[in-house]
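S.K.: Numbering (the numbering used here), first residue to last: 84 to 550. Sending over a structure as structure tokens; questions will come in a sec.
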Amino acid sequence: MILLTLTTLVAAGASMYLIQRGQTIARLDDSLTRSVDEFRVLAQEGVNPETGQRFTKAEDLAYVAMQRTMPSTNEGLVALSENRVRWVAPDHVELRLEADQELLDFINASADSGRVSLATVTTAQREYRVVSIPVKLDGDSSEVRFALAYDMGAELFTLTRGYVVFGGVALGILALASLASWILVRRLLAPLTKLEQTAARITENQLDERVPVEGTDDLRALAGSFNEMVDHLQSSLQAQRQLLDDVGHELRTPITIVQGHLELQDNDDPDDVRNTQELSLDELARMNLLVDDIVTIAQANRKGFVHTETVDISSLLDDILSKAHGLGQRQWEIRERVSGEVTLDPQRITQAMLQLCSNAVKFSPQESRIALGAAISNGMLRLWVRDQGIGISEEDQSRIFTRFARGTNGSRHEGSGLGLSIVQAIATAHGGHVSVFSHEGEGSIFSFYLPLHTAPSTLTESTGEHS
């Protein structure tokens, strides 16, 4: 049993170390690949801040790329021209690639291929994860290489040190477990081993494992508490990862826009300064809206996102209509209603319905009719919004509820691209769902289905028109 426990700890530790080491290298590769993509965008679409024109010299392109690249911790960069160091990182960057001649030799040698090179390079000084980018422009025959590299030893140091500590702690636990198994808990050894093995299989990217809940004693309560803890941990990690991905993906564009216009701003031209200021404020306002929506999406996966109470659905529909009038000059009306009390979160339902109304305003002409309604459908409460707008193609209907998705007819409209995702998250939090029925040129109907916690017979349906 002692040998089995030791083997389990070693296997778990080694597996977790190898997995996280691979994740670290994958993270470095992803960062370097993003830098390559950003360089390509700069080469294809960027302009020289000094001339305001497209780049014509490879050295100028490499210089601007280095100015706009902010190295991470343990990351360095260098530009070479004609096999000699041409540009180096700012003084505050600790990793000095130009000081390692073996690394420079590798970068120069990779120029022969004429392609982007991503590799691990080991020199007498350290081990690098390096990407070498050839910089070539039409009409410029100079040979320029732009390289970024991470110090892999420094990146893996914390991980390695942590697993050294893990090893020491594991040995201590093993010794105590050995003593306790002989003295106190021989009969409990089998269920505790199950708990230990399940915990060992749980990693940052594998949180689906759960401890089997068996028996009626304290061990059952312990297993249940552990499973509940992993549930909360899994939900929090997923929300955190999605939030970080969304922020990194969507905030880069407005930041780049503001940075580019500020760099090209003519401080001696009042009109240019005013226009740049207005554009920057507009982009910052869009970023603020985007952050609010991203936070709402992140909160949707947490317990307590909705706070239900008993609400008169007819009065709630009237409140929503009253607030919708401020969204745009349209012919607002209630075509169908349900009278009676239901259990839901009135704030979140109002937020979702107003989001659907806001979308209807965006994609419909002024003075057109927008109708709201409530009905009982297949034992569920159905809240709906119908407009007379441009409609949605069948292709777009299958993707508009995904994050940051915009229909082909809606690309010119402002918004974070998260509105319908928020609506769907609110419906899901209530145990319901959202659907859309639309034809291009004829308008759309968005339906918000919620489960009823009261008997449908206690609710009364009616039709009519109220604006």
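Note that the Cβ used here is the ideal one computed from N, Cα and C, for glycine as well.
1) Would you check if the distance between the CB atom of THR393 and the CB atom of THR426 is smaller than 7 Å?
2) Identify which residue in GLU121, VAL130, GLY456 has its Cα closest to the Cα of ARG420.
3) In terms of DSSP beta bridges, what is MET463 paired with?
4) Less than 6 Å between C-beta atoms, sequence neighbours within five positions excluded: which residues of the same chain meet that for SER518?
5) May I ask which residues mark the beginning and end of the alpha helix (DSSP H) holding ILE473?
6) Quick check on this structure: which residue in LEU89, THR511, LEU503, GLY502 has the alpha carbon closest to the alpha carbon of GLU279?
7) Output needed for LEU535: all residues of its chain with C-beta closer than 7 Å, excluding positions within five of it in sequence on either side, in chain order.
8) Please tell me whether GLY474 and GLU416 are closer than 7 Å, where the distance is taken between their beta carbons.
9) Which term fits VAL252, buried or exposed, when burial requires 16 or more other beta carbons within 10 angstroms of its beta carbon?
10) Report all residues from its chain with a CB closer than 8 Å to the CB of ILE108; omit the five preceding and five following residues, and keep chain order.
11) Would DSSP call ARG198 helix, strand or coil?
12) Under 8 Å, with one C-beta from each stretch per pair, do the region 227–244 and the region 193–209 reach the 3-pair mark?
13) On the criterion of 16 or more Cβ atoms from any shown chain inside 10 Å, does ARG431 qualify as buried, or is it exposed?
14) Could you give the residue range of the alpha helix (DSSP H) that holds LEU259?
15) From the DSSP output, in three-state form, read off ARG137 for me.
16) Are the beta-carbon atoms of THR359 and GLN342 separated by less than 7 Å?
17) Have a look at the DSSP bridge pairing and note the partners of HIS516.
18) Does HIS513 pass the burial test, meaning 16 or more other C-beta atoms within 10 Å, or should it be called exposed?
19) Could you say which of THR116, GLY105, GLY222, LEU101 lies nearest to SER142 if we only look at CA atoms?
20) Alpha carbons only, please: which of ARG452, GLU165, ILE377 is nearest the one belonging to THR485?
21) CA-CA distance, ASP314 and GLU361?
22) State the start and end residues of the unbroken beta strand (DSSP E) segment that holds LYS406.
23) Taking the alpha helix (DSSP H) that ILE216 falls in, what are its first and last residues?
24) If you measure between the beta carbons of GLN471 and SER441, is that distance less than 7 Å?
25) Buried or exposed: where does ILE216 fall if 16 or more other Cβ atoms within 10 Å of its Cβ makes it buried?
26) Output the distance between the C-alpha atoms of GLN438 and ALA508, rounded to the nearest integer angstrom.
27) From PRO295 to ILE285, what does the alpha carbon distance come to, in whole angstroms?
28) Using a Cβ-Cβ cutoff of less than 8 Å, which residues in the same chain neighbour LYS406 once the five nearest sequence positions on both sides are dropped?
29) Determine which residues share a DSSP beta bridge with PHE484 and list them.
30) What's the gap between the Cα of LEU187 and the Cα of ASP174?
31) Measuring alpha carbon to alpha carbon, tell me which of ARG167, GLN208, LEU163 ends up nearest GLU185.
32) Give me the Cα-Cα distance between GLU478 and PRO353, rounded to the nearest whole angstrom.
33) Out of LEU542, LEU501, GLY409, GLY526, point me to the one whose CA is closest to ALA458's CA.
34) Would the beta-carbon of SER379 fall within 7 Å of that of ILE505?
35) Determine the burial state of ASP183: buried for a count of at least 16 other Cβ atoms within 10 Å of its Cβ, exposed for fewer.
36) Here's the rule: buried if 16 or more other CB atoms are within 10 angstroms of the residue's CB, otherwise exposed. What is GLY197?
M.R.: By the coordinates alone:
1) Here residue 393 is taken as the residue at index 310 of the sequence shown, counted from 1. Here residue 426 is taken as the residue at index 343 of the sequence shown, counted from 1. Taking C-beta atoms as the reference points, THR393 and THR426 count as a pair closer than 7 Å.
2) Reading the sequence shown from its first residue, position 337 is the one you call residue 420. Cα-wise, what sits closest to ARG420 is GLY456.
3) Here residue 463 refers to the residue found at position 380 of the sequence shown. When beta bridges are read from the DSSP output, MET463 appears opposite SER460, PRO534.
4) The count along the sequence shown starts at 1 and reaches residue 518 at position 435. So the qualifying residues of the chain are SER530.
5) On the sequence shown, position 390 is the one that residue 473 refers to. For ILE473, no alpha helix (DSSP H) segment is defined, and its DSSP state is neither H nor E.
6) Here the question's residue 279 lines up with position 196 in the sequence shown. The residue with the shortest Cα to Cα distance from GLU279 is LEU89.
7) Against the sequence shown, residue 535 aligns to sequence position 452. Same-chain partners within the cutoff: VAL425, GLY462, MET463, LEU464.
8) Along the sequence shown, one-based indexing puts residue 474 at 391. Along the sequence shown, one-based indexing puts residue 416 at 333. No; because the gap between Cβ atoms is not below 7 Å, this pair is not in contact.
9) For the purposes of this step, residue 252 is taken as residue 169 along the sequence shown, with counting starting at 1. With fewer than 16 Cβ atoms within 10 Å of its Cβ, VAL252 is classed as exposed.
10) Sequence index remark: in the sequence shown, residue 108 carries index 25 (1-based). Correct list, in chain order: ARG212, MET235.
11) One-based indexing of the sequence shown puts residue 198 at position 115. In the structure shown, the three-state DSSP call for ARG198 is coil.
12) With a cut-off of 8 Å, the region 193–209 and the region 227–244 count as touching, because enough Cβ pairs lie within range.
13) On the sequence shown, residue 431 is found 348 positions in, with the first residue counted as 1. Result: buried.
14) Within the sequence shown, residue 259 is the residue found at index 176, counting from 1. For LEU259, the enclosing alpha helix (DSSP H) begins and ends at 235–266.
15) On the sequence shown, residue 137 is found 54 positions in, with the first residue counted as 1. The answer is coil: DSSP assigns ARG137 none of H, G, I, E or B.
16) The count along the sequence shown starts at 1 and reaches residue 359 at position 276. The count along the sequence shown starts at 1 and reaches residue 342 at position 259. No, the Cβ-Cβ distance between THR359 and GLN342 is not below 7 Å.
17) Residue numbering aside, residue 516 sits at position 433 when the sequence shown is read from its first letter. TYR532.
18) Start at 1 with the first residue of the sequence shown, and residue 513 comes out as number 430. Counting other Cβ atoms within 10 Å of its Cβ, HIS513 reaches 16 or more and is therefore classed as buried.
19) Sequence index remark: in the sequence shown, residue 142 carries index 59 (1-based). In the sequence on display, residue 142 carries Glu and not Ser. Minimum Cα distance to GLU142 is reached at GLY222.
20) The sequence position of residue 485 within the sequence shown is 402, counting from 1. Distance check between THR485 and each of ARG452, GLU165, ILE377 places ILE377 closest, using alpha-carbon atoms only.
21) Position 231 of the sequence shown holds residue 314. Position 278 of the sequence shown holds residue 361. Take the alpha-carbon of ASP314 and the one of GLU361: they are about 46 Å apart.
22) Walking along the sequence shown from the start, residue 406 turns up at place 323. It is not in any beta strand (DSSP E) - LYS406 instead sits in the alpha helix (DSSP H) that spans 396–407.
23) Along the sequence shown, read from residue 1 onward, the residue named residue 216 stands at position 133. Not the alpha helix (DSSP H): ILE216 falls in the beta strand (DSSP E), residues 210–220.
24) Residue mapping note: residue 471 aligns to position 388 of the sequence shown, counting from 1. Residue mapping note: residue 441 aligns to position 358 of the sequence shown, counting from 1. At the C-beta level, GLN471 and SER441 stay beyond 7 Å of one another.
25) As a working mapping, residue 216 is identified with position 133 in the sequence shown. Burial state of ILE216 is buried, judged by a 10 Å Cβ sphere holding 16 or more other Cβ atoms.
26) The sequence position of residue 438 within the sequence shown is 355, counting from 1. The sequence position of residue 508 within the sequence shown is 425, counting from 1. C-alpha of GLN438 to C-alpha of ALA508: approximately 12 Å in a straight line.
27) Counted from its first residue, the sequence shown places residue 295 at position 212. Counted from its first residue, the sequence shown places residue 285 at position 202. Approximately 14 Å, taken between the alpha carbons.
28) The residue given as residue 406 occupies position 323 in the sequence shown. Closer than 8 Å at Cβ, skipping near neighbours: THR433, LEU437.
29) Here residue 484 refers to the residue found at position 401 when the sequence shown is read from its first residue. PHE484 pairs with nothing; no bridge assigned.
30) On the sequence shown, residue 187 is found 104 positions in, with the first residue counted as 1. On the sequence shown, residue 174 is found 91 positions in, with the first residue counted as 1. Roughly 19 Å between the two C-alpha positions.
31) Here residue 185 refers to the residue found at position 102 of the sequence shown. Selection ARG167, GLN208, LEU163 evaluated against GLU185 yields GLN208 as nearest (Cα-Cα).
32) Along the sequence shown, one-based indexing puts residue 478 at 395. Along the sequence shown, one-based indexing puts residue 353 at 270. Rounded to whole angstroms, GLU478 to PRO353 spans 46 Å at the Cα level.
33) For the purposes of this step, residue 458 is taken as the residue at position 375 of the sequence shown. ALA458 has its Cα closest to that of LEU542, out of LEU542, LEU501, GLY409, GLY526.
34) On the sequence shown, position 296 is the one that residue 379 refers to. On the sequence shown, position 422 is the one that residue 505 refers to. Note that residue 379 is Thr in the sequence shown here, rather than Ser. Their beta carbons are under 7 Å apart, which means THR379 touches ILE505 by this criterion.
35) As a working note, residue 183 is residue 100 in the sequence shown. Classification of ASP183: buried, given that the 10 Å Cβ count is 16 or more.
36) To locate residue 197, count along the sequence shown from 1; it is residue 114. Per the 10 Å Cβ criterion, exposed.
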